[in-house]
Structures are given as C-alpha cells and as structure tokens.
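Since the structure comes first, as structure tokens, the remarks are kept for the end.
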Amino acid sequence: MDDKVVLKSKQKLVIVGLLITLVNPIFAGLIFGLFLLSEPELEKDGKLILMLSLLWGGILFILIRRLPLSF
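All the letters of the sequence shown, read from the start, carry residue numbers 89 to 159 under the working numbering.
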C-alpha cells in the first residue's frame, strides 16, 4: 500500500495554497504549508507558503490590535 499523493498539476496546487494563505493565514495556511513540506517535489513551495502564512498572520495580528474596537 503506497500512501504517496499523485499530483496532476503542481502549479494549481501552489496557487490554491497561496489563496488559502491570504484568506486564512494562521490555521489553513500553516496546515497547507506543512502538507506541501511533506511532499518531496513541493518542499520549496511548502516553505514559501509556510513563511508567507506566518508573515501575513503577524501583519494581520498587528493591524487588528491597532483597530479601535468600541461598540
């Protein structure tokens, strides 16, 4: 039983990963980046998505903290 994932289009997978990272960087972006790191062919792209996820998540955290929240 071989558990290797067969990828039909690596470029589409990376584009989907970047879109997921922009929308939900902390959880979905980290999980998707770690998934790509587990694939030997996509390790470089996984590092890119993981770093983008951490960077974008940090930027969003700082921006949200600066917003005045008065209801």
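All C-beta atoms in this analysis are idealised placements derived from N, C-alpha and C, irrespective of residue type, glycine included.
Here the structure is a predicted model, which means the values were calculated and not measured.
What residues in its chain sit with their C-beta under 8 Å from that of Glu-131, if we drop five residues either side in the sequence?
-> Leu-124, Leu-125
In angstroms with no decimal places, state the Cα-to-Cα distance between Gly-117 and Ser-141.
-> 5 Å
Option in Leu-122, Trp-144, Ile-108, Gly-146 with minimal Cα separation from Lys-135 = Leu-122
State the Cα-Cα distance for the pair Leu-107 and Gln-99, rounded to the nearest angstrom.
-> 12 Å
Looking at C-alpha atoms only, which residue of Pro-128, Leu-101, Pro-113, Ile-119 is the closest neighbour of Ile-149?
-> The amino acid at residue 149 is misidentified as Ile; the sequence shows Phe. Selected option, being the one with the closest Cα: Pro-113.
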